[in-house]
Amino acid sequence: MSLLNDDIRVVVSIDFGTTYSGYACAHKSNPEDIIVQEDWNELEPHYKTPTVIKYEDESYTIVKSWGFPALAEKPSNKKKISDPSKPIELFKLHLIKELSNEKPFLPEGLDFKKVITDYLKKLVEMIKNSCARNWQNLDFYRQVLVILTIPAEFDDDAISTMRECAFYAGLTKDRFSRNLKFTTEPEAAAIYCLNSMKGQYNLSTGASFMIVDCGGGTEFSKIVPNISVPIHPIIAIIKGGVQFGLHEDRVMNRVLKRTYGTDIARPSKPDDPASEKFPNGLTIIFDALAKRGEQVPANKKVIKAFEPCSIMQQKIGFNMYVTKNTGAKFCNDPGVSLLRNWEIELPKNENIEDMEDTTILFTLSFGSVEILATAENQKTGAKYHVSFKCE
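Heads up, the final residue of the sequence shown is numbered 391 in UniProt numbering, and it's a clean run with no missing numbers.
Quick look at the structure:
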């Protein structure tokens with residue numbers, strides 16, 4: 001996994017919306033100058049472009065147009081016959097499981113992940129050009145922090161899919177790059193509103209306010225009571241994402257709503273449930289890594305070392321479990337559920353000394369929205385990664 005580089009110079013925020021998308025960027029040396037993309041090859045400037053894509057034909061291999069051009073085409077009757085590919089819209093909604101029975105149409109055989117990736121590829125091309133135009137000699141993959149705003153209702157799978165699509169779209173150099181971070185759309189909007197209306201209200205630490213995001217595809221309100229409309233509300237999420245990335249240290253600690261843990265083996269005890277004991281004298285227990293109610297600062301890391309139990313062991317499991325019970329002892333306890341199946345391969349050990357030299361360093365890195373887990377074999381240097389939502 002790439003650790004967050006200390007040489008970050010530019011922050012880019014991407015608002016990949018259901019109906020419209022946009023981005024903004026700013027240099028850390030001039031954080032007040034946030035550049036919002038307005039030129040989408042249209043006659044008039046717009047802060048966003050439609051989240052629409054059109055392919056050349058039904059093979060869906062070549063993107064014909066995207067954004068405004070994908071909607072602007074008005075083919076004649078003759079062209080309609082020879083141009084079966086229609087603009088594809090609302091494909092972001094395929095990431096929301098609650099809409100499983102209401103998801104928008106996609107042509108048969110076309111995977112929504114491919115559509116998202118293809119759209120992001122075009123957006124990433126513009127972003128890279130914008131960065132190169134504004135700041136010369138900028139190393140995009142090393143010196144740019146990307147903040148991708150997502151709906152608050154995205155689950156673990158949706159966030160993981162967005163990271164995967166971003167990687168294949170060329171937004172990151174490796175899939176688990178720490179130079180790509182997520183924050184929720186309501187939180188980004190809240191940060192922007194607080195900054196743009198600073199001094200208008202006597203809000204003290206701990207004060208509550210409500211953010212209502214009336215976007216094109218979803219509407220979400222979050223109590224984070226005062227009602228006001230900021231200047232240019234259409235860019236609240238985009239600019240808020242940049243401001244979040246520029247000042248991550250200002251984000252307060254998060255209180256975990258779930259306990260995260262993994263399954264480990266230890267010597268059996270007389271009072272261990274028979275269902276958890278193995279003939280080899282070991283018992284599988286739930287090992288809590290971060291507990292519900294804990295305050296977790298941004299970028300906190302939980303690190304633990306694990307060793308194989310046997311010289312014959314070829315794999316070690318790091319299945320991730322979650323529960324709202326802070327006193328869970330076993331993975332089959334009521335309320336404990338499997339979050340991710342995960343295991344890594346171990347090198348062949350010729351003797352007991354080889355086994356003793358094998359240590360797996362397990363790290364949980366807490367982001368604003370996402371938790372990245374890394375298992376590193378200290379002997380071989382091999383690394384394995386998985387990510388899930390931080391709640």
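From the three backbone atoms N, C-alpha and C, an ideal C-beta is built for every residue, glycine too.
Asked                                                                                                                              : Found
Alpha-carbon spacing of F17 relative to N202, whole angstroms                                                                      : Before going on, a small fix: residue 17 reads as Gly here, not Phe. Taking the straight line from one Cα to the other gives about 32 angstroms.
Sufficient close CB pairs (3 or more, under 8 angstroms) joining the segment 287 to 302 to the segment 360 to 372                  : yes
Selected residue, minimal CA-CA separation from E345, among N377, G335, S337                                                       : N377
Spatially closest choice to K64 from V144, K86, P45, K48, by CA coordinates                                                        : K86
Cβ-Cβ separation, Y321 to C331 (assumed contact under 8 angstroms), whole Å                                                        : 6 angstroms
Coil, strand or helix - residue 392 by DSSP                                                                                        : Residue coverage of the chain in this structure runs from 1 to 391, which leaves residue 392 outside it and unanswerable.
Reference I62, options P69, S275, I53, closest by Cα                                                                               : I53
7 angstroms CB neighbourhood of E370 in its chain, flanking five on each side removed                                              : I159, F182, S387, K389, C390
Local Cβ density within 10 Å of I231, reported as buried at 16 or more and exposed below that                                      : exposed
Selection from P297, K113, Q243, P267 that minimises the alpha carbon distance to N30                                              : Q243
Boundaries of the alpha helix (DSSP H) in which R178 is found, first to last residue                                               : Where R178 is concerned, there is no enclosing alpha helix (DSSP H), given that its DSSP letter is neither H nor E.
One or two residues paired with F306 in a DSSP bridge                                                                              : I360
Run of the beta strand (DSSP E) containing R266, from where it starts to where it stops                                            : 259 to 267
Whether K315 touches E343 by CB criterion (8 angstroms)                                                                            : yes
Residues sharing a beta bridge with D287, DSSP                                                                                     : T262
Other residues of its chain near V11: CB distance less than 6 angstroms, five sequence neighbours each side excluded               : A26, L145, V242, G245, L246
Proximity to T283 [Cα-Cα], best of P267, P297, I237, L338                                                                          : P267
Counted within 10 angstroms of its Cβ, other Cβ atoms place F105 as buried (16 or more) or exposed                                 : exposed
Integer Cβ distance of L148 from A166, believed to fall under 8 angstroms                                                          : 7 angstroms
Cα-Cα separation between A132 and S204, rounded to whole angstroms                                                                 : 40 angstroms
C-beta atoms of F68 and E42 nearer than 8 angstroms                                                                                : yes
Y168 - partner residues in DSSP beta bridges                                                                                       : Y168 pairs with nothing; no bridge assigned.
Reduced DSSP secondary structure (H/G/I, E/B, other) of K348                                                                       : coil
Chain-order list of residues whose beta-carbon lies under 6 angstroms from that of E276 (same chain, five-residue window excluded) : T283, I284, F330
Nearest neighbour of D333, chosen from P273, A290, A72 [CA to CA]                                                                  : P273
Own chain partners of F112 with C-beta closer than 7 angstroms, once the 5 adjacent residues on each side are dropped              : F91, H94, L106
Residues near I34 by beta carbon distance below 6 angstroms, same chain, minus five either side                                    : A24, A26, K239, V242
Whether I234 touches Y47 by CB criterion (8 angstroms)                                                                             : yes
Spatial distance of G109 from P151 (CA atoms)                                                                                      : 26 angstroms
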